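Position 116, counted from 1, in the sequence shown is what our numbering calls 120; the numbers after and before it change by one each time, with no gaps.
Note that CB positions come from ideal geometry on N, CA and C, so glycine has one too.
Just so you know, these numbers come straight off a predicted model, no measurement behind them.
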Amino acid sequence: MNVLKIGFPSGSLKESTFNLLQKAGYRIRLASRSYVPDIDDPELEGLMFRAQEIAQYVERGILDVGLTGKDWILESAADVVEIDELVYSKSTSRPIRWVIAVPENSPIQSIEDLRGKRIASELVKATRRFLEERGIEAEVEFSWGTTEAKAGIPGLVDAIVELTETGSSLRANRLRIVDTVCESTTRFIANKGAWEDPWKREKAQNLLMLLKGALEAEAKVGLKMNVARKNLEAVIAKLPALHTPTVSNQLDDDWVAVEIITDEKIVRDLIPQLKRVGAEGLIEYPLNKVVY
5 MNVLKIGFPS
15 GSLKESTFNL
25 LQKAGYRIRL
35 ASRSYVPDID
45 DPELEGLMFR
55 AQEIAQYVER
65 GILDVGLTGK
75 DWILESAADV
85 VEIDELVYSK
95 STSRPIRWVI
105 AVPENSPIQS
115 IEDLRGKRIA
125 SELVKATRRF
135 LEERGIEAEV
145 EFSWGTTEAK
155 AGIPGLVDAI
165 VELTETGSSL
175 RANRLRIVDT
185 VCESTTRFIA
195 NKGAWEDPWK
205 REKAQNLLML
215 LKGALEAEAK
225 VGLKMNVARK
235 NLEAVIAKLP
245 ALHTPTVSNQ
255 LDDDWVAVEI
265 ITDEKIVRDL
275 IPQLKRVGAE
285 GLIEYPLNKV
295 VY
């Protein structure tokens, strides 16, 4: 039987990745201390790795496809196929950023002030390239953790390059952002050889379609309502939708059923407006996938 080997990120992205897969229609379970998740699709074989490692394992063919950050593709310089972007993370749907940060009272105001300075980061290679491309010579050393704390220890480092989603942790550590090294979102990547295999490519594309559909559905809801024909024009005038609304006849010829898919954030304002122009029996429901 054909099998697609897929790498999932462990650590902070694990929960959001598994939640996304569940919305896409896959049941996935991971036993305590296990690195081999159980997936209810016999054609998928999953393995858990740190996000930092997945790109290189895809390049080597240990994995056919994988989910990892653009930052770690850049850091490892892995030669892989970037199939598509999947914008999700552990806290927000915004891209994460790797930023150069210094203590609030530091004299460093721009990257030019980093010449001859020492910088700590887990993203060493990408940081070095960022500085070299701008003609800045600085020492970049690998940080094994607690990077934010190192910036505040006199004589240890002059600056750090650290990942941030909201900036709250940097502010809590009294750090100031000087510049952004890169932005990163999750990427669905493939081994070049696997991507040339017709079956593996189609399987990967099918999975991607469902994952993107699940992401698209997160901000959407369905809305159903009953409308008297005499009020239909007024109701439709209020409706935003992906396309024209679906209008279905009812047993009572004087009434129709109307259904739309729309952004969840506007529904709280939309429902009262629809009610006022004649919509009745309004039902809002969540969506698992929206595939364009």
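Where does residue i fall in DSSP's three states?
{"i": "residue 20", "result": "helix"}
{"i": "residue 157", "result": "coil"}
{"i": "residue 36", "result": "coil"}
{"i": "residue 263", "result": "strand"}
{"i": "residue 285", "result": "strand"}
{"i": "residue 88", "result": "strand"}
{"i": "residue 65", "result": "coil"}
{"i": "residue 131", "result": "helix"}
{"i": "residue 236", "result": "helix"}
{"i": "residue 119", "result": "coil"}
{"i": "residue 140", "result": "coil"}
{"i": "residue 101", "result": "strand"}
{"i": "residue 41", "result": "coil"}
{"i": "residue 8", "result": "strand"}
How many angstroms separate the CA atom of residue i from the CA atom of residue j?
{"i": "residue 156", "j": "residue 42", "result": "44 Å"}
{"i": "residue 13", "j": "residue 55", "result": "5 Å"}
{"i": "residue 267", "j": "residue 248", "result": "15 Å"}
{"i": "residue 196", "j": "residue 202", "result": "12 Å"}
{"i": "residue 8", "j": "residue 126", "result": "30 Å"}
{"i": "residue 241", "j": "residue 295", "result": "25 Å"}
{"i": "residue 32", "j": "residue 109", "result": "48 Å"}
{"i": "residue 219", "j": "residue 159", "result": "45 Å"}
{"i": "residue 73", "j": "residue 254", "result": "50 Å"}
{"i": "residue 144", "j": "residue 119", "result": "11 Å"}
{"i": "residue 5", "j": "residue 52", "result": "22 Å"}
{"i": "residue 279", "j": "residue 231", "result": "10 Å"}
{"i": "residue 193", "j": "residue 177", "result": "35 Å"}
Would you mind working out which of the options sits nearest residue i, comparing C-alpha positions?
{"i": "residue 50", "options": "60, 34, 57 and 241", "result": "34"}
{"i": "residue 48", "options": "205, 294 and 190", "result": "205"}
{"i": "residue 228", "options": "289, 295 and 123", "result": "289"}
{"i": "residue 259", "options": "284, 147 and 241", "result": "284"}
{"i": "residue 216", "options": "173, 23, 269 and 19", "result": "23"}
{"i": "residue 298", "options": "190, 239, 180 and 153", "result": "No answer is possible for residue 298: it lies beyond the span of the chain, which begins at 5 and ends at 296."}
Under 8 Å by Cβ, that's how I've got residue i and residue j pegged, so tell me the actual separation to the nearest angstrom.
{"i": "residue 112", "j": "residue 182", "result": "6 Å"}
{"i": "residue 165", "j": "residue 100", "result": "About 13 Å separates the two Cβ atoms, so there is no contact after all."}
{"i": "residue 79", "j": "residue 130", "result": "5 Å"}
- Message: So within the region 151 to 212, which uninterrupted beta strand (DSSP E) runs reach at least 3 residues, ignoring any that extend past its ends?
- Response: 163 to 168, 179 to 188 and 190 to 194
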